[in-house]
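K.L.:
Here the sequence shown is numbered in the working numbering, starting from 1 and rising by one per residue.
Quick one: the structure is below, questions incoming.
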Amino acid sequence: MKTVVVYYSQYGNSRVAARLIAKQLDAPVHRIEVKKRKGVVTSTFSALFGRRPKIKTIPLQPEDWDLMVIVVPIWSGRPATPLKTFLAETRLAEKKIAAFFSFTSTDIHKRPTRWMKKVLDHFGARLEAVGGYNTGLKQHTVLKQRVWDFLAQLPAEAIPVKSSSGSGKRGKARPRSTTK
Ligand SMILES: Cc1cc2nc3c(=O)[nH]c(=O)nc-3n(C[C@H](O)[C@H](O)[C@H](O)COP(=O)(O)O)c2cc1C
Numbered sequence: 001m002k003t004v005v006v007y008y009s010q011y012g013n014s015r016v017a018a019r020l021i022a023k024q025l026d027a028p029v030h031r032i033e034v035k036k037r038k039g040v041v042t043s044t045f046s047a048l049f050g051r052r053p054k055i056k057t058i059p060l061q062p063e064d065w066d067l068m069v070i071v072v073p074i075w076s077g078r079p080a081t082p083l084k085t086f087l088a089e090t091r092l093a094e095k096k097i098a099a100f101f102s103f104t105s106t107d108i109h110k111r112p113t114r115w116m117k118k119v120l121d122h123f124g125a126r127l128e129a130v131g132g133y134n135t136g137l138k139q140h141t142v143l144k145q146r147v148w149d150f151l152a153q154l155p156a157e158a159i160p161v162k163s164s165s166g167s168g169k170r171g172k173a174r175p176r177s178t179t180k
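Right, here's the structure in full:
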């Protein structure tokens, strides 16, 4: 299974999570970049009014991936608006998507998950897993736990087997899941 990690990050939290996830999955990472960087107020309005900011093109073809892990902050209760542009500009039909949110207060399993399901359903893709990290906690060990919990939800073929011989074979080995 070919996996890619795509993230958007304005202040760096989602980037840290994306890199950690990509390292565990041995997957390439792509960053969504807006053409014009916005401040908090404009970003909030952009989220409230469901705008689609212009983004730079990511060189990603449908044959490059089967599973996409999206790492994105929550803005005004929904995934940050640059993701909306990215999803609209990417061929998603019949693909698998997993979403990892960085947030401070929103319950990611409610509105953000519903939003992702609805949008992905519209484009013919399927949401395989949802996870996230409350960045207000600022604890790397908690981030790691949340990432392990998230990775444990992914299809087994997405997880590389780390053997001492370094064969890189993909298969059944899964990260240890934590319950908290
Ligand atoms: C414009 C804006 C709106 C936000 N709205 C929310 C929100 O509704 N719920 C929430 O939990 N966090 C909210 N946050 C906090 C971010 O989701 C959180 O700080 C996130 O980790 C930022 O990710 P980044 O550092 O990758 O940009 C908001 C942040 C910004 C900048």
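We put the beta carbon where it would ideally sit given N, CA and C, even for glycine.
1) By DSSP, does K172 sit in helix, in strand, or in coil?
2) With a Cβ-Cβ cutoff of 8 Å, do F100 and V71 count as a contact?
3) By how many angstroms is the C-alpha of F49 removed from the C-alpha of T135?
4) Locate the alpha helix (DSSP H) running through L127, then write down its first and last residues.
5) Report, in whole angstroms, the separation of the C-beta atoms of L67 and M116, which I expect to be a contact under 8 Å.
6) Does the separation of the CB atoms of E63 and I97 fall below 8 Å?
7) Apart from the five residues on each side of it in sequence, which residues of its chain come closer than 6 Å, Cβ to Cβ, to I58?
8) Within its chain, find whatever has a CB closer than 7 Å to the CB of F123; leave out the 5 residues flanking it on each side and keep chain order.
9) Could you have a look at I21 and say whether DSSP puts it in helix, strand or coil?
10) Who are the Cβ neighbours of I108 in its own chain at under 6 Å, not counting the five residues just before and after it?
11) Please state if the CB of P82 and the CB of I32 are separated by a distance shorter than 8 Å.
12) Considering V71, what are the terminal residues of the beta strand (DSSP E) in which it resides?
13) In this structure, what does DSSP give as the bridge partners for H30?
14) Within the present structure, is the beta-carbon of W75 separated from the nearest heavy atom of ligand 1 by less than 7 Å?
15) Less than 6 Å between C-beta atoms, sequence neighbours within five positions excluded: which residues of the same chain meet that for D26?
16) Can you name the residues that DSSP bridges to A93?
17) Taking 7 Å as the cut-off, is the C-beta of Q10 nearer than that to any heavy atom in ligand 1?
P.N.:
By the coordinates alone:
1) The predicted model places K172 with a pLDDT of 44, which falls under 50 and marks its position as unreliable, so this point remains unresolved.
2) yes
3) 24 Å
4) Not the alpha helix (DSSP H): L127 falls in the beta strand (DSSP E), residues R126 to N134.
5) Actually they are not in contact, since the Cβ atoms of L67 and M116 sit about 14 Å apart, beyond 8 Å.
6) no
7) H30
8) L87, L92 and A93
9) helix
10) F101 and G132
11) yes
12) L67 to W75
13) V6
14) yes
15) P160
16) According to DSSP, A93 bridges with nothing at all.
17) yes
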